[in-house]
Structure formats: structure tokens, C-alpha cells
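Residue numbers for the sequence shown, in mature numbering (1 follows the signal peptide of the UniProt record, and there is no 0): -18 to -1, 1 to 155.
Below: one structure, written as C-alpha cells.
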Amino acid sequence: MQNLLVSLLFALFSMHSATNKIFRNAIASFKLVVSNQPHEESNQPHNENTISVSMDVSNITQTRGSLRIGIFREGNPFTGPKAKPDFFKVVPITAATTQQVVVSLPAGRYVIAVYHDLNDNGKLDKNLVGYPKEPFGFSKNFRPILSAPSFEDCAIEIKENSPQNRQKIKLID
């Protein structure tokens, strides 16, 4: 009986360690997605070849800080050390309500990553194990579980008259 208990505890510890490693890797990848964003808004193209994209960002519970929105074009690294958004926008928070954000983008496939920078320090704050302390979200309302999202998990197709030109993104606390 005692050997069975020791074996069971060892198995649980091993499983817990593996899960923690997966979780830490997922959070590390996510940190790179949102923390490599430039501190200033990037120039967005505004001409006849762009399409208006509307984002309704919900679950904003505090009236301080700003939304930091990174938009990644297909082919641009979305996670990892080389992740850097093609377009970036900062939106000050003035009310704890859904914020509507409009950007102009050329047609194509994109991923949108958003976080609520509560203290306006320009980076995603994390706890001791690396999990975000600030609310975050992705296009297609993708919710990562134990791994960083892939481009396909969050990819949207921006084109004329597409329903994906309007995104609803609910922040994860």
C-alpha cells in the first residue's frame, strides 16, 4: 500500500511539473506577443486600398490605463522573440464600458492581440509565475489553454464586406 501511495504521488508530481512547464512556455510566448509592441502608435495606411476594421473590446472593468492593440499580418512572427506587430494602436480608457476601436488595414489575414495596460507602463505586467496580471484578448475571441495561440487560432480575413471586419474581443482577467 505504501509503495502504491509513493508511486501515485510521484506520478502526480511528474504530471504537475509537466503541466507547469507547458503553462510557463505558453505564458512566455504570450508575453512576447504583447510586450514587443512599440510604445508609439505605428502609422496606419489610410487610402482607397484599405478596409475599415472595427473592434468592440469588452470586459473593461477599470477606468484607468489604456488598451494596447497589436495587429500582426500573416507571415509576420506572431509569437516568440521576433514577434512585432505590423500595426499598433493605443486607446486611452475613459469608462468601464465596451470600447470601440476602428483601424484601417489593407486586405489580408491578420491576428489582433489586445491588453489593458492598467498602469500605463507600456508593458504587460505578470505575476511570479509569468501569468498576465492585466486583462488580455485575441481576435476571434480565442482563449488560450496551456499553450500560446497559433496564427490560425486567431486569424481573421480582412476583405471588402466581410463579417470578420467587425471583431468582438472580450478581455480575459
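Backbone N, C-alpha and C define an ideal beta-carbon position, used for all residues, glycine too.
Per DSSP, reduced to three states, the secondary structure at Asp38 is strand. In the structure shown, Asp155 falls within a coil segment according to DSSP collapsed to helix, strand and coil.
DSSP, reduced to helix, strand and coil, places Asp107 outside both helices and strands of the structure shown, so it counts as coil. The beta carbon of Pro74 is closer than 7 Å to those of Ser48 in its chain, skipping five residues each way along the sequence. With a cutoff of 8 Å on beta-carbon distance, Asp38 and Phe54 are scored as not near each other.
Across the set Asp155, Ser121, Ala130, Asn147, the C-alpha of Ala130 shows the shortest separation from the C-alpha of Gly62. Burial of Arg50 is indicated by the presence of at least 16 other C-beta atoms within 10 angstroms of its C-beta. With a contact defined as Cβ atoms closer than 8 Å, Gly57 and Ala95 miss out at about 16 Å. For the pair Gly119 and Asn41, the Cα-to-Cα distance works out to about 10 Å. Here the alpha carbon of Lys141 sits roughly 9 Å from the alpha carbon of Leu87. A residue is called buried once 16 or more other Cβ atoms fall within 10 Å of its Cβ, and Gln82, having fewer, is exposed. C-alpha of Lys64 to C-alpha of Pro145: approximately 30 Å in a straight line.
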